[in-house]
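Student: Going by this note's numbering, the sequence shown opens with residue 1071, and the numbers climb by one from there. Just so it is clear, CB atoms sit at the ideal spot from N, CA and C, and this is done for glycine as well. Given the structure is predicted, the values throughout are model-derived calculations rather than measurements.
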Amino acid sequence: MEKWQKLYDVNVSGVFLSCQAEARVMLPRRKGSIINIASMSGSIVNRGLTQAHYNSSKAAVIHMSKSLAMEWADRGLRVNVVSPGYTLTPMNMRPEVAEQVKIFERDTPMGRMARPE
1071 MEKWQKLYDV NVSGVFLSCQ AEARVMLPRR KGSIINIASM SGSIVNRGLT QAHYNSSKAA
1131 VIHMSKSLAM EWADRGLRVN VVSPGYTLTP MNMRPEVAEQ VKIFERDTPM GRMARPE
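(1) DSSP three-state label for asparagine 1125, please.
(2) Run through the DSSP bridge pairs and tell me what asparagine 1150 is partnered with.
(3) Below 8 angstroms, can you find three or more Cβ-Cβ pairs linking the segment 1140-1157 to the segment 1100-1108?
(4) Pull up the distance between the alpha-carbon of glutamate 1166 and that of proline 1160, whole angstroms please.
(5) From this set, Glu1187, Glu1169, Pro1186, Gly1155, which residue's C-alpha is nearest proline 1180's C-alpha?
(6) One question on the structure: do lysine 1073 and histidine 1123 come within less than 8 angstroms of each other, judged by their Cβ atoms?
(7) Going along the chain, which residues of its own chain have a beta-carbon closer than 6 angstroms to the beta-carbon of serine 1127, five neighbours each way excluded?
(8) By Cβ distance below 6 angstroms, which residues in the same chain neighbour aspartate 1177 in space, the five residues on each side in sequence not counted?
(9) DSSP puts alanine 1184 in a beta bridge; with which residues?
(10) Give the secondary structure of proline 1165 by DSSP, where H, G and I count as helix, E and B as strand, and everything else as coil.
(11) Run the CB neighbour count on serine 1103, radius 10 Å, all protein chains shown included, and call it buried at 16 or more, exposed below.
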């Protein structure tokens, strides 16, 4: 439960608190845009991964972003969410996940993972 709570504190509560702080500045100006980062894992279940805690937290970010967009739209504030797909990060370059990375690449239309620029 500790792992679950820590992940939710960062991925859900952190995003919510950031949105609230940003909105305090943007709403009085009646304009602004908040862009949250989720993951494709918030919309789909990844084969072979046991990450219900991560997937559900990203689903929460997606739905929270949509809810805040509706809540604040009439006051000039836009809220959007980006859900990247498989991305090659240091976490995915570890030898112990090499086989899983091959599956990610196989299941991606371009046959490779995204690379941060």
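Tutor: Reading it off the structure:
(1) helix
(2) Ile1105
(3) yes
(4) 12 angstroms
(5) Residue identity check: residue 1180 is methionine in the sequence provided, not proline. When each option's Cα is compared against that of methionine 1180, the closest is Gly1155.
(6) Closer than 8 angstroms, so yes.
(7) Taken in chain order, the residues that qualify are Leu1077, Tyr1078, Asn1081, Val1082.
(8) If we look at aspartate 1177 and ignore the five residues flanking it on each side, it has no Cβ neighbours.
(9) Thr1157
(10) In the structure shown, proline 1165 sits in a helix (DSSP, three-state: H, G or I).
(11) By the neighbour-count definition (other C-beta atoms within 10 Å, threshold 16), serine 1103 is an exposed residue.
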